[in-house]
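Residue numbers (this note's numbering), protein chains in the order written: chain A, 1 to 365; chain B, 366 to 737.
Note that CB positions come from ideal geometry on N, CA and C, so glycine has one too.
Following: one structure in structure tokens, then a few remarks.
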Amino acid sequence: MKDSVGMRRISLAISTIPIILTVVWVAAFSSTALAKVTGLCSNCHTMHNSQDGTSVSTDGPYETLLTDDCVGCHSNTTGSDTIKVLDSTRVPVVYNTSEPANELAGGNFYWVARTEGSEYGHNVLSIPGMPSDTLTKAPGMPSSADYPNCASCHWEIADCTSCHKPAHHADDSATVVGETGGWYRFLKSGSYNHDGGGVEGIEDSDWERADLVDSDKHNEYQGATASASGGDDTSMSDYCAGCHEHFHGTLYVGTSSPWFLHPAHYALPADTGKEYCLYNTKDGSTIGPYNPYAPVARPVLTGYSGPSSTVIPGTDQVFCLSCHRPHGTPNKDILRWDYAGMIAGTTGATAGTGCFICHTSKDGQ
Amino acid sequence: VLLSHYIRIIFGRFDEFGVLGNGKEEVREMRKTMLMLTVVLAAAALVGGFYMPATAAVEGPCVNCHTMHNSQGGVAMVFGDGVTMTQGALTRSTCLGCHTTTGSDPFDGVYPYVKLGGTATNYLAGGYFTDDGGNHDDASHTLASPETPAGYDDTEIGAWYTGDVGGSGGLTCAGSAGCHGTEDTADEAEAISGGHHETNLSLGYRLLGVDGEKVLGGGTGGDNDYEEALNDSPSIDDYHNLYSANQAALDEASISELCGKCHGDFHGTDDTTNVDGAWIRHPTDVVLPSDWEIPTSVSGDYDFEDWKYNPVGTVDADVPADGTDVYVTCISCHRAHGSEYDDILRFDYGDQQAGSITEIGCLGCHDKQRGS
């Protein structure tokens with residue numbers, strides 16, 4: 001009798017294992033997992049920058065009692081992993097000292113700092129090894145930034161805080177991360193002569209690591225609430241325009257065909273006579289799913305419960321990150337693909353990729 | 366094996382088939398049928414093999430022609446013709462910026478050039494712009510000229526031309542002040558939008574159109590080199606264009622109708638004939654008399670020089686055959702952009718002499734005026 005009860009208990013215990021594993025997996029890896037940092041305080045902080053009579057960091061101490069600077073924590077000097085784990089804390093890596101295996105959505109500083117040079121990334125000067133042959137000012141810089149007080153962000157990128165204003169412990173539990181969560185990826189305007197606004201978006205829990213991204217698992221980017229708007233908003237491209245204004249809005253770009261610079265913040269035309277209504281097509285006659293390698297922005301993220309695989313021409317917009325990764329890539333001009341490989345009429349390996357994901361009639365397929 | 370059977374059937378001896386008497390007639394009929402079928406198939410293969418649209422969708426690296434933000438290394442891109450700003454459609458230069466060469470080779474395999482550096486030694490079918498200044502230059506259409514086109518008649522096809530309005534820029538390559546693209550669009554890039562990539566199929570031959578109708582045209586005989594080889598040294602093997610004519614009653618336009626948009630008095634019948642129907646100006650889009658030499662020789666070895674010096678047109682730009690209707694067009698005598706001769710002619714008018722043995726130019730068609 002005892003044996004029978006024991007067997008039933010063992011059997012019950014075994015049968016619950018898959019359920020427990022599922023719960024753990026969902027908690028750990030689902031796309032709605034919190035990016036808010038959890039884990040041991042000592043992973044990131046030191047109270048006095050002192051341990052056993054020596055400094056924890058010879059370059060410290062750092063602000064907010066951190067053990068390292070931004071890139072110090074978000075680097076991997078020992079391998080190609082782009083998400084590293086400190087105890088239970090997962091840290092997105094933006095700079096590997098050896099070639100990254102699967103870059104994140106923002107790209108990686110490896111190529112600009114280690115191998116290829118200035119054309120392959122933003123020159124964040126605080127990163128070790130970063131080439132200093134920077135441009136004198138950001139291309140397309142707004143004239144309002146042409147003052148010395150603006151130099152550390154608009155004339156050069158002194159450090160990561162030129163773009164990011166860290167708020168690792170902010171409550172980012174909302175699906176669409178905004179001000180309460182420290183803004184999407186901590187992208188918040190600087191303090192000098194700015195309104196302090198930032199970017200909104202839905203954050204993929206794996207930072208879109210290349211091997212973990214899919215049409216229904218990815219970041220969602222806030223677009224302009226009014227297509228072709230050049231005004232201030234919480235969109236991703238408007239944030240880029242802080243330094244690259246001339247590439248954004250309407251003044252230099254235009255408002256309709258013929259465009260004079262590539263538009264950003266403009267809805268993919270829905271006209272069936274144009275090629276864009278077949279975004280990412282697989283068969284040449286029907287629209288394809290959201291492609292994380294040429295993403296679109298959404299004019300209204302409210303109501304989204306998570307990433308969507310559906311793209312709606314006439315609504316969803318081309319924006320800066322449709323083509324670029326902000327940190328760096330293996331391609332010139334921090335492009336997601338090699339522009340030189342974009343050959344009109346091609347039926348080769350680049351057909352259906354890169355520019356041709358939107359410009360569906362320009363390749364040879 | 367099939368070929369050997371074919372040859373045996375056509376050329377074999379009757380006794381090989383074991384036929385005698387009336388059986389021989391049946392074999393003869395079979396041979397005749399097979400030979401006719403062979404001729405028809407060969408003709409179809411020739412037409413299918415050699416006729417091709419004279420335009421092809423642009424292929425090659427996007428970077429050759431486009432710049433996304435007009436920014437490289439912190440400075441604006443510069444690409445030919447002194448251009449520092451991007452043009453419409455994110456192109457790196459103007460029409461002429463891309464289609465101008467500092468060399469003398471009019472076609473480098475990528476860009477057909479309509480403006481050449483130095484002394485031109487050859488040119489393409491449309492000829493080349495010979496200078497930048499002076500209105501109504503004898504040897505060239507003059508871009509940026511604000512003058513009213515010669516023979517302009519706004520009652521002919523429509524008062525669409527804007528190149529002469531207030532000297533607002535004058536003649537352009539495309540748009541409402543130019544020849545290419547849609548005539549109701551002022552911006553040049555917008556006027557030819559979709560033309561280079563063939564995503565706008567409403568644009569016709571060489572991106573030419575007339576009042577919503579596309580101009581028909583084509584080409585035949587090898588790779589499309591815009592007649593570079595033909596103009597260099599005419600040969601029967603050279604590619605040449607095929608021009609449309611007499612399209613008035615059809616849904617597509619002729620090449621001469623295109624010219625008539627600006628030079629209406631020189632096209633149609635209103636201003637080219639008098640009340641008695643006699644010609645008072647040289648006709649265009651008119652069929653050549655069937656007893657003239659060209660209609661009876663367009664597929665013979667005579668025609669390759671004619672394709673350079675006095676090409677004809679056909680309805681729908683079809684491949685002409687001996688004895689078919691062929692038409693005189695504007696570009697039977699002229700090159701659209703310019704030439705080395707006055708009046709943008711294909712030949713020196715001053716050298717055309719009745720009674721001479723010349724077989725090109727005026728006398729290429731007017732064979733009765735030749736000497737012997």
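- Rounded to whole angstroms, Ala224(A) and Thr89(A) show a C-alpha spacing of 34 Å.
- With its beta carbon at least 8 Å from every one in chain B, Met236(A) lies outside the interface.
- 8 Å or more divides the Cβ of Gly352(A) from the Cβ of Trp337(A).
- Note on the stretch 187 to 229 of chain A: whole beta strand (DSSP E) runs with a minimum of 3 residues are 220 to 222, in chain order.
- Here Pro654(B) is exposed: its Cβ has fewer than 16 other Cβ atoms, across all protein chains shown, within 10 Å.
- With a threshold of 16 other beta carbon atoms within 10 Å, Ala504(B) meets it and is buried.
- For chain B, the residues of the stretch 236 to 256 of chain A that bring a beta carbon within less than 7 Å of one of its beta carbons are Phe247, in chain order.
- Cβ neighbours of Gly288(A) within its own chain (closer than 6 Å, five residues either side excluded): Asn280, Thr281 and Lys282.
- Asp171(A) sits exposed, since fewer than 16 C-beta atoms from the chains shown fall within 10 Å of its C-beta.
- Under the 8 Å criterion on CB atoms, Met130(A) is classed as non-interfacial with respect to chain B.
- Contact between the stretch 304 to 320 of chain A and the stretch 257 to 266 of chain A is present: three or more C-beta pairs spanning the two stretches fall below 8 Å.
- Contact between Ala297(A) and Tyr221(A) holds, with the beta-carbon distance rounding to 4 Å and staying under 8 Å.
- If you check the CB distance, Ser558(B) and Pro313(A) do not come in under 8 Å.
- Rounded to whole angstroms, the gap between the alpha carbons of Asp216(A) and Leu104(A) is 16 Å.
- With fewer than 16 other Cβ atoms from the protein chains shown falling within 10 Å of its own Cβ, Ser143(A) counts as exposed.
- Out of Asp204(A), Pro148(A) and Val300(A), the CA that lies nearest to the CA of Pro292(A) is found in Asp204(A).
- If you draw a straight line from the Cα of Leu481(B) to the Cα of Gly364(A), it is about 32 Å long.
- At a cut-off of 8 Å between beta-carbon atoms, Met342(A) makes contact with chain B.
- At least one CB atom of chain A sits nearer than 8 Å to the CB of Asn435(B).
- If you check the CB distance, Gly306(A) and Ile157(A) do not come in under 8 Å.
- Each residue's CA atom was taken as its position, placing His628(B) and Thr347(A) some 43 Å apart.
- Apart from sequence neighbours up to five positions away, the residues of its chain that approach Gly106(A) with a beta-carbon distance below 7 Å are Val94, Arg325, Pro326 and His327, ordered along the chain.
- The stretch 506 to 518 of chain B makes no contact with the stretch 584 to 600 of chain B, as fewer than three CB pairs between them are under 8 Å.
- Here the alpha carbons of Glu578(B) and Gly462(B) stand approximately 28 Å from one another.
- Runs of the alpha helix (DSSP H) lying entirely within the stretch 537 to 594 of chain B, each at least 4 residues long, are 553 to 556 in chain order.
- Of the candidates Gly703(B), Ser737(B) and His699(B), the residue whose Cα lies closest to the Cα of Cys727(B) is His699(B).
- By the Cβ neighbour-count rule, His605(B) is buried, with 16 or more other Cβ atoms within 10 Å of its own.
- As DSSP reads the structure, Ala297(A) sits in a beta bridge with Tyr221(A) and Gln317(A).
- By the criterion of at least three beta-carbon pairs nearer than 8 Å, the stretch 594 to 604 of chain B is not in contact with the stretch 634 to 643 of chain B.
- In the three-state DSSP reduction, His246(A) falls in the helix class (H, G or I).
- About 20 Å separates the CB atoms of Ile620(B) and Ile725(B); that is not less than 8 Å, and the two are not in contact.
- Under the 10 Å beta carbon count, Glu99(A) is surrounded by fewer than 16 other beta carbons and is classified as exposed.
- Annotation: Cβ neighbours of Asp552(B) in chain A (cutoff 7 Å, chain order): Pro258.
- By the criterion of a C-beta distance shorter than 7 Å, Tyr252(A) is surrounded in its chain by His246, Phe260 and Leu261, once the five residues flanking it on both sides are discounted.
- Every unbroken stretch of the alpha helix (DSSP H) spanning 4 or more residues and falling wholly within the stretch 636 to 700 of chain B is given here in chain order: 668 to 674.
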